[in-house]
Structures are given as structure tokens and as C-alpha cells.
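One line per chain: the protein sequences are A and B, in this order. Note that the working numbering numbers the first sequence so that position 259 is 259, with each residue one more than the last. Note that the working numbering numbers the second sequence so that position 177 is 177, with each residue one more than the last. In what follows, a single structure is set out as C-alpha cells and then discussed.
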Amino acid sequence: MFLHTFKYDFRQCLRQKELTFWLILFPIILGSFFKVAFSELYEKTVKFDAVPIAVVETEKNAVFDQVIEQVSTGEDALFKVTRTDMKNAEKMLKDEKVTGIISTGDLSVEFSSSGIDQTIVKSFIQQYKTQEKIITDTATNAPEKLDTVISALSTDIESNKNIPFADDLDTTVQYFYNLLAMVALFGAMSGVFVAINNQGNLSSLGARKCCSPVNKLTSITAGLSAHCVVQTICMIVAVSFLAFILKIDFGDRLGLVYLSSIVGGFMGVAMGFFIGSFGRLSEGVKMGIIMAVSMLSCFLSGLMVNNIKALVSEYVPVFNEINPAAVISDTYYCLAIYDDYSRYIRKMITMIILTVFFTLGGYILTRRRKYASL
Amino acid sequence: MGNTIVKIDNLVKRYKELIALDHFSLEIEEGEIFGLLGPNGSGKTTTINCLLSLLAYDKGNIEIFGEKMTPVNYKVKKEIGIIMQNVAVFDELTVYENIDYFCGLYIKDKETRRKYVDEAIAFVGLEDFVKFYPKKLSGGLLRRLNIACGIAHKPKLIILDEPTVAVDPQSRNKILEGIQELNKQGATIIYTSHYMEEVEQICTRIAIMDKGKKIAEGTKDELKRMIKNTETLTIEILDLSDEMLEKIRALNHVYETDYSDSRLEVRFSGGKHNLIHVLNLLQENNVSFSRAYSELPTLNDVFLEITGKALRDKE
Numbered sequence: 001m002f003l004h005t006f007k008y009d010f011r012q013c014l015r016q017k018e019l020t021f022w023l024i025l026f027p028i029i030l031g032s033f034f035k036v037a038f039s040e041l042y043e044k045t046v047k048f049d050a051v052p053i054a055v056v057e058t059e060k061n062a063v064f065d066q067v068i069e070q071v072s073t074g075e076d077a078l079f080k081v082t083r084t085d086m087k088n089a090e091k092m093l094k095d096e097k098v099t100g101i102i103s104t105g106d107l108s109v110e111f112s113s114s115g116i117d118q119t120i121v122k123s124f125i126q127q128y129k130t131q132e133k134i135i136t137d138t139a140t141n142a143p144e145k146l147d148t149v150i151s152a153l154s155t156d157i158e159s160n161k162n163i164p165f166a167d168d169l170d171t172t173v174q175y176f177y178n179l180l181a182m183v184a185l186f187g188a189m190s191g192v193f194v195a196i197n198n199q200g201n202l203s204s205l206g207a208r209k210c211c212s213p214v215n216k217l218t219s220i221t222a223g224l225s226a227h228c229v230v231q232t233i234c235m236i237v238a239v240s241f242l243a244f245i246l247k248i249d250f251g252d253r254l255g256l257v258y259l260s261s262i263v264g265g266f267m268g269v270a271m272g273f274f275i276g277s278f279g280r281l282s283e284g285v286k287m288g289i290i291m292a293v294s295m296l297s298c299f300l301s302g303l304m305v306n307n308i309k310a311l312v313s314e315y316v317p318v319f320n321e322i323n324p325a326a327v328i329s330d331t332y333y334c335l336a337i338y339d340d341y342s343r344y345i346r347k348m349i350t351m352i353i354l355t356v357f358f359t360l361g362g363y364i365l366t367r368r369r370k371y372a373s374l
Numbered sequence: 001m002g003n004t005i006v007k008i009d010n011l012v013k014r015y016k017e018l019i020a021l022d023h024f025s026l027e028i029e030e031g032e033i034f035g036l037l038g039p040n041g042s043g044k045t046t047t048i049n050c051l052l053s054l055l056a057y058d059k060g061n062i063e064i065f066g067e068k069m070t071p072v073n074y075k076v077k078k079e080i081g082i083i084m085q086n087v088a089v090f091d092e093l094t095v096y097e098n099i100d101y102f103c104g105l106y107i108k109d110k111e112t113r114r115k116y117v118d119e120a121i122a123f124v125g126l127e128d129f130v131k132f133y134p135k136k137l138s139g140g141l142l143r144r145l146n147i148a149c150g151i152a153h154k155p156k157l158i159i160l161d162e163p164t165v166a167v168d169p170q171s172r173n174k175i176l177e178g179i180q181e182l183n184k185q186g187a188t189i190i191y192t193s194h195y196m197e198e199v200e201q202i203c204t205r206i207a208i209m210d211k212g213k214k215i216a217e218g219t220k221d222e223l224k225r226m227i228k229n230t231e232t233l234t235i236e237i238l239d240l241s242d243e244m245l246e247k248i249r250a251l252n253h254v255y256e257t258d259y260s261d262s263r264l265e266v267r268f269s270g271g272k273h274n275l276i277h278v279l280n281l282l283q284e285n286n287v288s289f290s291r292a293y294s295e296l297p298t299l300n301d302v303f304l305e306i307t308g309k310a311l312r313d314k315e
């Protein structure tokens, strides 16, 4: 009887269009959107290309020439320099062949637009101006140390590559972790159907099932199992899409990302089953409650606004320990940030405890076999 | 009559202040098509839900197949087929899958189940729709699917709660013929409806309910014999004087007359050739009329006479 019920609950769950959208299409669409949105940032951060600039010699400046030579050579060059006159430089700028024009006399900079490359050039000139006196003093007083000073300055200036993007790589991956946490929690929509379809006072199907010679525990267990399997498939599809199609780098802990997603999905289904078992509200209202609770849970865990979780942690620290979305996202953060597994294991245990709590709570609420009204 | 299949004894069900079932008792014998007739809100569905142990009740006792009915009496539940008032099928499963799902809750053996499912599909005439999803079916076909889901496992007792609501006449006839066929095959049927014509057409015995009480019980002829009315004449007359109305009232066996909207209704308690007598009287007094017809008493007349109100509004 379990297998028969499981088979049809599984088919029914797979064919539900709302679930297909939220559990499969939503992460694919939003993940692709994230990928497009973050790809430019990613390219700038990880695969840095030398910024093309034009240098116009309005006055002789040997020290600057030496510095610019140093930062525009080698594999890790900061700039790709074209030395030319002002007329040609302006044409190149207009044709977007260079990002900016540096005049060697007053070290003025000219741009035709603003952006990350322009910020790098501007930062470079500002730092050079700050250090210029040290360089010229060294040239006058200790010319033998000039190479060392320029080398040190070059190193300083090269740090410009990272100035606007500190920690951006981690933040980008964390957005995808948040997306997975959200999908896991959307499993609640699946769980609510198990509750509604097994309670005689919530749906005609529930009443019909209650009239059959099938034990309620068997029916609910088969339903939950079927929905958990579907949720697992959806989580695997979501993680695989992010990891192998969008090439999101989850590091060398991909297996644990899968595991966290699967357990998170179970918790989502169980949470939906628990909420769905409460009261005699219609299916539409219950789905609305599920969405509201999921979104609120995600919001308070910082999946939408970063500093909310910190605020919750400051004022109601215990909430973060039991908020399902926070617990799921924490497991991902633990994988991303910490080398040791103790915190990760603690979060996984919390997820399992919450899953058991929601499942047992749902069972207790739906165990009734006779109703006061239908 | 054979064994008692269903025995409801002194059932009381309250919804706060409202008494939905008021000391309701009933016995249904094996092989019957038993009709529960009553207006909306009379307690028919509440009776069925109590019978199925879905609803808790305040007082009384229910036995099915000689055993006390409880939510965990799976042995009894296995022998019952239920067709709910609201269609209870999965939108995401096809016609075949829905029937197979519900049949599978009762029948474990796959081969037997396959045979039963095919028979149920043929029985309700859904052979051309087996791969359809319920949303693609018309109201009548959906009702037939609902019935197939309830009867596929060949139950001994079939309960149909208003199965023809919002169904076209063709599907309705098909459903009613099907119910009679199931009965011929040996199933005992409990049929609830507020359509008196359906109950009159198929039921071997009828209980009439109102406000949670059983107000009459018997075969349709027995029920009709309980009331005074034996015949109702309806004659369309444009203008009828009070004096003429008095003359009609004075005829033998007339016990009630009603004239309104150019329509005269005359009720008789016995007598023969009543229509001829009334028409002769009208002709003798030069009263012109357009249409005249005679009706034998219906279950609506029974309900009207006992409760003072019509069973349902005319549709």
C-alpha cells in the first residue's frame, strides 16, 4: 500500500506546475540572472586585463616615465600604454581604444566616461602624486635606492587592481548559496499538499482518502516520502545547474553542498507539512501563508538584505538558531568560510532536529480520524 | 428483504446551537437502492459523513455489515464505495491513473486491479478519455470519473452523495442507469439527492429528511399513500369568478383549490374522472380555459403536505 500511494503521490507531485516553476525553473532563471549580473564583476576581479591608456608627453618627467614603464610590463601589467600626441590620444579616447589620457606635465587625466577602469587610472595617479616627493627626493639624495623605491611604489599601485572589489568573489558565490537556501525552503509548498490531501476537513480528496481502508500514517508517510524525493531531485538539479552549467565555483566541497541542499529540502517539505496541518484554512490561503513565512524567514536570515541577520543576531540571537532559512544559509556559509567542520555539523544537526520537529508536529495535528465539521 | 447492511440508531449531531441530526434512525437492507431525500441543509450529507466515520457525532450508534463503524474499521471500509458530492480526483493524474489509484487503495493484486479498472472505465463509458486529465473533461464526464473511482473495487455497499449535481441530462441518465446496473450486480446502494424525480425513478425505498429529522420512510407508493392528495388538476383560465371557484370547491373529493396568475389548481383526495367533472362544470358555466392536465401525487406533494413547504424551488 505504501508503494502504491508513493507511486501516485510522486507522479502527482512531479506534474504540479507551481512546484516545477518554484523548484526547478526559479533557481535556473534566477541563477542565470545572477551569473549575467555578476559576470562583469567576476571578470574584473579574477581575470584582470591591463587598462589601455594613452600617455602624452607635455613635459619631460623621467621618474614618471620609469614608474609607468614598470607597471605596464610583464604578465601582470596594470596598464597597456600607448605613447602619442594629444590629437591622436583624443581620437583614440573617442574611438574607445583607450580608457584615459595622462599628461606627463601636470599629471592631469582625461576620461570620456566613468567606470571601474577609469577608477583604477585615477587611483594610480593619486597614489603617484602622493609618493612623488619621496621618489624625487630619493633620486636627488640616494639615487642608488631609486630602483627599490620605484619597485615598492609599483607594488603599492598594483594593489589598485583590487581596491573596488575586495572580497567580491566570496560575495558572488554567497548569492548562489542564498538562492539554494531559498529553493530548499520552497519545498514547503510541496509539503503543504501532503497535509491538505490527507485531512478530511481540508479537502474532498482528504475526505475521500479518509474513507479508504488505508492507515493514515502510511498515507502521510508515503506522501511525505514522495515529496521529499521530488524535492531532492529538484535540489540536485539546482546545484548541478549552478555548478556545471553556470560554472559557479563551490570549491572542493561540492558533495557537502549537495548534502546540505538535500537535508535543507527535507526541512522545507516538513515545514510545509507542519504549517499545512494547522487549522481549516483553504488551500490558497495556506499557500499564501507558506510563501509569506518562507519569504519572512529568508528576509530575516539576510538572504535579501545583508545586515538584517546581524540585527536579528544582536536583538534576538536565538531566532537565528531556529529560523529555517538562517539555518540552511548558515550551513552554506560554514562551507564557504570555515575550514573545520564543527560549525557545519552543528548546523546540519539543527536542520535535522527541525525536520523531525516539523514532521512529528504535522503528524500530531493530522492524526485525528474524526472531525467535528467538514 | 435480506440482512440489515446499515443500522443507524438515534443519531444526534450538533454544530454548536444548530442540531444537524435530531435523533435520526435508519435501517437499510441488503440489495436495496435506498434514497435519502430532502432539501439542501436537511442533513443528508451529515448523515453520510457520520456513517463513514468522517464526522464525530454527539449521540447514537452506527453499524455497517453488523459491525460498529469506526474510523479504523478497515475491514468494513474495504467493502464500501463512496462517491462524494464534491468531485474528489487528482488534477495531475489521468483518468486511468485516478481510477487505478483509488482502486489500489482497496485491491492489492495488480492483475485483478487492472481488470477492475478496465471494467470501471467501460462501465462509466470513459474508454475514449483514459489519457485525459480531469481538467480536460466536461462536468458530466468528471462526475462519471468520480463514480468510477468510487466503484472500481466492486464494493458491497455504495454510497452516492448527490452524484448528479450540475450534470447534463444525458450524463444524468447514464449515471442513473449505471446505479441500477450496480444494484443488479449485487451492490446495496445509498443514494442522496434533492431531486425527487431521480429518487422516484431508481430507489426501492426512500427516507425523507427535513431539519435533521426523518419525516417519512417507505417505498414511493407507501409514501404517497400517507398523504391525502391523490390527484392534482391544473387548468389555465384567464378569468375565474369567486362564485365559480366556490362551485369547484363543492365538487366531490375536492379538498383544496388555489387560483392565481390565471392558473387554477384543484387537489383531490380520491375519486375517479375528476378532470372530466371539473371541465364539464366549467363548460356548463361558459368559462373558457386554454390548457388542462392532471398529475398524480409526487414526493414533493408528500413533502409539501408533511412540512408545509416545497421540497425544492422549481428550476
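Ideal placement from N, C-alpha and C gives every residue a C-beta, glycine not left out.
Residue from K211/B, N3/B, R143/B whose Cα sits closest to the Cα of T47/B: Of the candidates K211/B, N3/B, R143/B, K211/B places its Cα closest to the Cα of T47/B.
Meets three-Cβ-pair contact criterion under 8 Å: the region 20–30 of chain A and the region 51–60 of chain A: The region 20–30 of chain A, when compared against the region 51–60 of chain A, does not touch it at the 8 Å Cβ threshold.
Helix, strand or coil at Y293/B according to DSSP, with G and I counted as helix: Here Y293/B carries a strand assignment [DSSP, helix/strand/coil].
Counted within 10 angstroms of its Cβ, other Cβ atoms place R316/B as buried (16 or more) or exposed: The requested residue 316/B does not occur in the structure, where chain B is confined to residues 1 to 315.
Host beta strand (DSSP E) of K192/B (start-end): Checking the displayed sequence, the identity of residue 192/B turns out to be Thr instead of Lys. Segment 188–193, the beta strand (DSSP E) holding T192/B.
Residues that DSSP places opposite N61/B in a beta bridge: BP columns for N61/B point to D9/B.
Integer Cβ distance of T204/B from E32/B, believed to fall under 8 Å: Right, their Cβ atoms sit about 5 Å apart.
Rounded distance between the beta-carbons of S261/A and L180/A, thought under 8 Å: S261/A and L180/A do touch by the CB rule: their CB atoms are close to 5 Å apart, below 8 Å.
Minimum C-alpha distance to I220/A - residue among D339/A, L311/A, N198/A, S240/A: I220/A has its Cα closest to that of N198/A, out of D339/A, L311/A, N198/A, S240/A.
Where R280/A falls, given that 16 or more other Cβ within 10 Å makes a residue buried: Exposed, because fewer than 16 other Cβ atoms sit within 10 Å of the Cβ of R280/A.
Chain A contact residues for A187/B, given Cβ-Cβ distances below 7 Å: By Cβ distance, chain A contributes nothing, its closest Cβ being about 16 Å from A187/B, past 7 Å.
Nearest-angstrom Cα separation, counted from V81/A out to N162/A: The pLDDT assigned to N162/A is 46, lower than 50, so where the model puts this residue is not dependable, and the model offers no usable value.
Rounded distance between the beta-carbons of F289/B and I206/B, thought under 8 Å: That belief does not hold up - the Cβ atoms of I206/B and F289/B are roughly 35 Å apart, past 8 Å.
Where Y8/A meets chain B, residues with beta-carbon distance less than 7 Å: Within chain B, the C-beta atoms nearer than 7 Å to that of Y8/A come from L93, E97, Y101, in chain order.
Chain B within 8 Å of K286/A, Cβ atoms only: It does not; no Cβ of chain B falls within 8 Å.
Residue interval of the beta strand (DSSP E) (run including M209/B): For M209/B, the uninterrupted beta strand (DSSP E) segment begins and ends at 205–210.
Chain-ordered chain B contacts of A371/A [CB-CB under 9 Å]: Here the sequence assigns Tyr to residue 371/A, which means Ala is not the residue at that position. Residues of chain B with a Cβ closer than 9 Å to the Cβ of Y371/A are, in chain order, N49, L54, L55, A56.
Close Cβ partners of G200/A (< 7 Å) along its chain, the five nearest in sequence each way excluded: Excluding positions up to five away in sequence, the list reads G206, A207, C210, Y371, L374.
Listed by chain order, chain A residues near N86/B by CB distance under 7 Å: Counting only Cβ-Cβ distances below 7 Å, N86/B has contacts in chain A at S204, in chain order.
Unbroken stretches of the alpha helix (DSSP H), 4 residues or longer, contained in the region 136–190 of chain B: Runs of the alpha helix (DSSP H) inside the region 136–190 of chain B: 139–151, 169–184.
Interface partners of L374/A on chain B, CB under 7 Å: Result: N49, L54, L55.
Residues of the region 6–32 of chain A whose Cβ lies closer than 7 Å to any Cβ of chain B, in chain order: So the close ones are Y8, R11, Q12, R15, Q16.
Beta-ladder partner(s) of F268/B, from DSSP: Answer by DSSP bridge pairing, in chain order: E231/B, V254/B.
Element boundaries [beta strand (DSSP E), containing V56/A]: In the DSSP assignment, V56/A falls within the unbroken beta strand (DSSP E) covering 51–56.
CB of G251/A within 8 Å of CB of A184/A, strictly: At a Cβ-Cβ threshold of 8 Å, G251/A and A184/A do not count as neighbours.
Collapsed DSSP secondary structure at A216/B in the structure displayed: In this structure, A216/B counts as strand in the three-state DSSP scheme.
Same chain only: Cβ atoms within 6 Å of F2/A, ignoring 5 sequence neighbours per side: In chain order, T218, A222 place their CB closer than 6 Å to the CB of F2/A, counting only its own chain and leaving out the 5 sequence neighbours on each side.
Three-state secondary structure assigned by DSSP to G100/A: Strand.
Beta-carbon proximity check, I158/B vs L141/B, cutoff 8 Å: No. Outside cutoff.
CA-to-CA distance, I189/B to S282/A, given in whole angstroms: Their Cα atoms are separated by approximately 32 Å.
Beta carbon proximity, L105/B to chain A, threshold 8 Å: Cβ-Cβ to chain A under 8 Å: yes for L105/B.
Outcome for V278/B when other beta-carbon atoms lying within 10 angstroms are tallied against a minimum of 16: By the C-beta density criterion, V278/B is buried, having at least 16 other C-beta atoms within 10 angstroms.
Chain-ordered chain A contacts of Y74/B [CB-CB under 7 Å]: Taking a Cβ-Cβ threshold of 7 Å, the residues of chain A close to Y74/B are P213, in chain order.
Min CB distance L360/A to chain B below 8 Å: Closer than 8 Å: no.
Close Cβ partners of A20/B (< 6 Å) along its chain, the five nearest in sequence each way excluded: For A20/B, where only same-chain residues beyond five positions count, the Cβ hits under 6 Å are K13, G43, T46, G212.
Y344/A at chain B interface by Cβ criterion, 8 Å: Chain B places no beta carbon closer than 8 Å to that of Y344/A, leaving this residue out of the contacts.
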